[in-house]
Amino acid sequence: MWTFTTLISIAVVILRYREPKLERPYVVPWYPIIPIISIGGGLFIVISTVINEFWLSITGIGLTALGLPVYYYMKKHNHQN
Numbered sequence: 066m067w068t069f070t071t072l073i074s075i076a077v078v079i080l081r082y083r084e085p086k087l088e089r090p091y092v093v094p095w096y097p098i099i100p101i102i103s104i105g106g107g108l109f110i111v112i113s114t115v116i117n118e119f120w121l122s123i124t125g126i127g128l129t130a131l132g133l134p135v136y137y138y139m140k141k142h143n144h145q146n
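All residue numbers for the sequence shown refer to the numbering used here, where the first residue is 66 and numbers rise by one.
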């Protein structure tokens, strides 16, 4: 879960720089401080988990990776309809 939260925070920063003039219905308070803190904290938790619970982390990554074939299968078959 923290991996995806961290990726979302990174995406916020990237999209704000790539599309600076885009209308934003929601503005992150204290941008870019909040996303940077979120990225740092998320990376700390992810790295700490990999170091302290290596096999549990590998299991989680493997289970997540198992969803990729399902995603691509569904994407292919839903796109054809």
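For each residue, glycine too, the CB sits at the ideal point set by N, CA and C.
- If you draw a straight line from the Cα of Y96 to the Cα of I110, it comes to about 22 Å.
- In this structure S113 is exposed. Its beta-carbon is surrounded by fewer than 16 other beta-carbon atoms within 10 angstroms.
- By the neighbour-count criterion, in which 16 or more other beta carbons inside 10 Å mark a residue as buried, G107 falls on the buried side.
- Judged by DSSP in its simplified three-state form, M139 adopts helix.
- For the region 68-144, the full-length alpha helix (DSSP H) segments reaching 4 residues or more read 98-117 along the chain.
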